[in-house]
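Numbering (the working numbering), first residue to last: 6 to 354.
C-beta atoms are modelled at their ideal positions from N, C-alpha and C, and glycine is treated no differently.
A short worksheet on the structure shown next.
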Amino acid sequence: MIQSHGYAAQQATTPLAPYKFTRRDPKERDVVVEIDYCGVCHSDIHSVRNEWQNAIYPMVPGHEIIGRVTAVGNKVTRFKVGDRVGVGVIVDSCRTCPSCKANEEQYCEVGITLTYGAYDKYGELTQGGYSNNIVADEHFVHSVSTKLDPAGVAPLLCAGITTYSPLRHWKVGPGKKVGIVGLGGLGHMALKFAHAFGAHVVQFTTSESKIADAKRLGADDVVISKDPAAMKKEANSFDFILDTVSAVHDLNAYLALLKRDATYCQVGLPDRPPMINMGNLLFKRRAMSGSIIGGMAQTQEMLDYCAEHNIVSDVEIIPIQKVNEAFERVIKADVKYRFVIDMASLKQA
Ligand code: NAP
Ligand code: ZN
Ligand code: ZN
């Protein structure tokens, strides 16, 4: 057994607190990673607080993990001790179903194993990256360029791939008008990618204080979504809209902005369903869709793209002792634009 320690929630209503636990010794295809940084995703908050009603405690959250390899199983071929690597939202899938065979492991038809809060094939409860180490099969571990700042890379493992994947799937690029809804952790990565892919990008935000940042991050235009007149001006003009908002909000105001046959893609996962006026879909044959993270090959492609184009997340680095405060600030949309925990601070815990 490997000794681990981190911060865990013992139940939905208590703050994260120091917690000791064990992880399996590496099997033949496993990689052991000493964690340097872990991003704070809004999904960690939904999960810890049981907002999706599937939480299993104790729960060490965290799925935006960057670290260094400290040991490998004897059949590991892609990594060696000392390599900089990342681990994201899933640590296993069946590998044989049509989705897994199509490199879309996130849609595994047998079921994915989440990095935390799930029972893995060994019957152990998975624990995430708000901790000093993790053990994962090499198929779910990614190579990370040492050219990039590791703290800024951590959020790419969830916020990065979750936005990169649908933007690629719906072929966002030159000549396309694209909307990004919500300027938080996912939203700011979506904005950077859509801009880098050459689209005309419009950022929708509820926060007037974020206008200048949105422009700096790559927005051609910024629309304050609380202003009905500004929203109306954009009617029937978008090829694609990516919605990253974490709370229930009025989708009808955005659906009306799509052109005929255009797609609205939801990556934000609020705890309650929205109300959709079907007329907004029918009368212009618009499509409503969703997307989760991305496959392992595409995650590596995204990390390599970021290394080539020098793209990382804008982060505020915190010690783990500040994580409960950080959760409260994320809920208030007061983060620019991702908290990342410096795991060296665990030594003081
Ligand atoms: P975040 O950093 O908190 O960003 C969410 C943004 O949404 C906020 O910054 C804010 O942007 C906007 N917002 C918040 N409350 C709102 C409200 N009541 N009405 C309108 N806008 C509001 O969260 P995140 O980490 O980016 O995650 C966003 C969502 O994606 C979460 O639900 C998370 O669970 C989900 N997620 C899904 C996947 C996936 O695979 N599909 C992966 C990761 C996360 P403005 O200030 O600009 O308005
Ligand atoms: Zn996440
Ligand atoms: Zn599968």
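Within 10 angstroms of the Cβ of residue i, are there 16 or more other Cβ atoms? Answer buried if so, exposed if not.
i	result
N241	exposed
S136	buried
R290	exposed
S230	buried
N285	buried
H127	Checking the sequence, you will find Tyr at residue 127 rather than His. Label assigned to Y127: exposed.
T210	buried
H47	buried
D232	exposed
H314	exposed
L119	buried
N257	exposed
P133	Note that residue 133 corresponds to Gly in the displayed sequence, not to Pro. With 16 or more other Cβ atoms within 10 Å, it is buried.
Once DSSP output is grouped into helix, strand and coil, what is the label at residue i?
i	result
P171	helix
K215	helix
R265	strand
K25	strand
F288	coil
D49	helix
S148	strand
L274	coil
Q208	strand
Y127	coil
M307	helix
Y12	strand
Y259	helix
V158	helix
K238	coil
L143	The sequence given here has Glu at residue 143, not Leu. In this structure, E143 counts as helix in the three-state DSSP scheme.
I166	helix
G223	coil
M283	coil
K231	coil
L153	coil
F198	helix
S350	helix
G134	coil
For residue i, verify whether its CB is less than 7 Å away from any heavy atom of ligand 3.
i	result
V317	no
T27	no
Hey, would you say the C-beta of residue i is under 7 Å away from at least one heavy atom of ligand 1?
i	result
S251	yes
L256	no
P275	yes
L308	no
L188	yes
G93	no
I216	no
L191	yes
I40	no
I246	no
Check whether the Cβ of residue i sits closer than 7 Å to any heavy atom of ligand 4, and report yes or no.
i	result
T211	Summarising the ligand content, the structure contains ligand 1, ligand 2 and ligand 3 and does not contain ligand 4.
Quiz item: Closer than 5 Å from C-beta to any heavy atom of ligand 2: which residues, in chain order?
Solution: C46, S48 and C163
Practice problem: Could you tell me which uninterrupted alpha helix (DSSP H) segments, each at least 4 residues in length, are contained entirely in the segment 68-121, listed from first to last along the chain? | Solution: 103-106
Practice problem: Output the residue ranges of the beta strand (DSSP E) runs that lie fully inside the segment 295-344 and measure 3 residues or longer, sorted by chain position. | Solution: The DSSP assignment places complete beta strand (DSSP E) segments of no fewer than 3 residues inside the segment 295-344 at 320-324, in order along the chain.
Exercise. Please write down, chain order preserved, every residue whose beta carbon lies under 7 Å from a heavy atom of ligand 3.
Key: S98, C99, R100, T101, C102, S104, C105, E110, C113, E114 and V115
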